[in-house]
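Residue numbering for the sequence shown follows the numbering used here, beginning at -8 and increasing consecutively. The beta-carbon is built from N, C-alpha and C at its ideal position, and this holds for glycine as well. Note that the coordinates shown come from a computational prediction; the quantities given were computed from them, not determined experimentally. Structure, as structure tokens:
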Amino acid sequence: MANVTMIPAKPRQELQGLEATAKLRVCAYCRVSTDNEEQLSSYEAQVSHYTDQETC
């Protein structure tokens, strides 16, 4: 039977030479494509979703 060694992934910050506690900079892009009634709350739902993801 083959001997398998798992090598864990390094955090992206470590690969970029940053401290392990460094915050990642991200952004979200929210939009609606039409003025249809079905999409009236789409923009608000998208903004809410990404706002709720904010944990740092």
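Nearest to Arg22 (by Cα), restricted to the options Ala(-7), Lys14 and Ser33: Ser33
Closest residue to His40 among Ala19, Thr25 and Asn27 (Cα-Cα distance): Ala19
So for Val38, helix, strand or coil by DSSP? helix
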